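Positions 1 to 117 (our numbering) are the ones given, in order, by the sequence shown.
These notes concern the structure reproduced below.
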Amino acid sequence: MAQKVVTTYVDDLTGEESTDIATHSILIDGAGVEIDLADENYEKLLELLNPYLHADGARRIRGTTKATGKPKQTGGRKADSSAIRAWAKSNGYEVNDRGRVPASVREEYQKANTVAP
């Protein structure tokens with residue numbers, strides 16, 4: 001029996017289907033969400049956040065617990081690999097469920113999830 005799997009990427013803001021959808025993480029006060037956005041809507045989000053992200057005294061962090069303000073313990077590289085695998089699969093990259101994530105995929109993940117200065 002043949003099986004065909006079709007993945008449809010949908011912008012969470014507009015509900016529109018597109019091939020340029022990427023997943024982005026947003027963390028505020030220790031609570032976070034992942035949102036799938038088309039490039040255009042992601043650029044709009046960055047434009048809105050830009051004054052806050054680049055304010056004098058703003059410091060880049062990986063995430064903190066709300067109670068202590070200290071960095072979360074994420075389990076190190078294993079947790080990073082899980083997040084990268086999920087992102088890669090949702091963005092059309094072929095990655096194994098186990099083993100090393102290719103450096104090229106890690107680089108693309110970093111590019112997609114880094115806020116430009």
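Virtual Cβ for every residue (Gly too), placed ideally from N, Cα, C.
Owing to the predicted nature of the structure, the values given are computational and were not obtained by experimental measurement.
Report all residues from its chain with a CB closer than 7 Å to the CB of residue i; omit the five preceding and five following residues, and keep chain order.
i, result
"Ala-79", "Low per-residue confidence applies at Ala-79: pLDDT is 45, beneath 50, and the placement is therefore not dependable enough to give any value."
With DSSP as the reference, label residue i as helix, strand or coil.
i, result
"Ile-61", "coil"
"Ser-25", "strand"
"Ala-192", "Outside the shown range of the chain, which is 1 to 117, sits residue 192, and nothing can be said about it."
"Glu-17", "strand"
"Glu-43", "helix"
"Asn-96", "coil"
Which residue comes first and which comes last in the alpha helix (DSSP H) that contains residue i?
i, result
"Val-105", "103-112"
"Lys-89", "77-90"
Grab the span of the beta strand (DSSP E) containing residue i for me, first residue to last.
i, result
"Asp-36", "31-38"
Excluding sequence positions up to five away, which residues of its chain have a Cβ less than 6 Å from the Cβ of residue i?
i, result
"Thr-8", "Glu-17"
"Asp-39", "Asp-20"
"Val-10", "Glu-17"
Just list the residues that DSSP pairs residue i with in beta bridges.
i, result
"Val-10", "Glu-17"
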